[in-house]
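In our numbering, the protein residues as written are 3 to 158. Even for Gly, the Cβ is constructed at its ideal location relative to N, Cα and C. Because the structure is a prediction, the values reported are computed rather than measured. Have a look at the structure below before the remarks.
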C-alpha cells in the first residue's frame, strides 16, 4: 500500500502544472501594417473612437527603395449588404490629406482626422468604418498606386 501511495505522489508531482495567464490591458494603439513593393505603410489606430470627439490617425511611411508618396487620397466608407444580397461599400466621407514623400532609407509620419460626420455634415451612427488610403509607390522601375486600409470602430 505504501508503494502505491508513493507512486501516486510521484505521478502527481511530475505531472503538468496549471498554466497561469496574466491578463494585460487593452492596447491603446494598434499598428496596421501594409507591405508595399518598395517599403511599407503603418496606420496607427485606437481600438475604439468616440463619435463627436476628434479622431486622429497617424500614418507612418517607410521607403526601402525609390519613393513612396501619400496618402494622396483618404476615404471613409461603410460596408454592408446591398438589395441583391451582395457585399457593398458606400462612401461616407473624403478626408483631407497632408501627403509626405519619403525616399529610400527614409521614414515620415503624417496624420489624418475625422470628426465622425459624413459628406453632408451629419453624424454617422456608431459602427465600424473602413479607412482607405492611397499611396504612390515608385521603386525606380515602375510607378503604381497602392492602398492601405484599417477599420475604425466608432462608438457613442
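| Check | Outcome |
| --- | --- |
| Spatial neighbours of residue 111 in its chain, beta-carbon cut-off 6 Å, leaving aside the 5 residues before and after | 60, 62 |
| Whole-angstrom C-beta distance between residue 73 and residue 2, which should lie under 8 Å | An answer regarding residue 2 cannot be provided, because it is not within the stretch 3 to 158 covered by the chain. |
| DSSP bridge partner residues for residue 82 (one or two, in chain order) | 90 |
| Neighbourhood of residue 104 by C-beta, 8 Å cutoff - its chain only, sequence neighbours within 5 removed | 41, 63, 64, 65, 69, 70, 71, 110 |
| Segment contact flag, the segment 142-150 with the segment 31-48, C-beta cutoff 8 Å, min 3 pairs | yes |
| Beta-carbon proximity check, residue 124 vs residue 81, cutoff 7 Å | no |
| Spatially closest choice to residue 127 from 134, 115, 107, 54, by CA coordinates | 54 |
| Local Cβ density within 10 Å of residue 57, reported as buried at 16 or more and exposed below that | buried |
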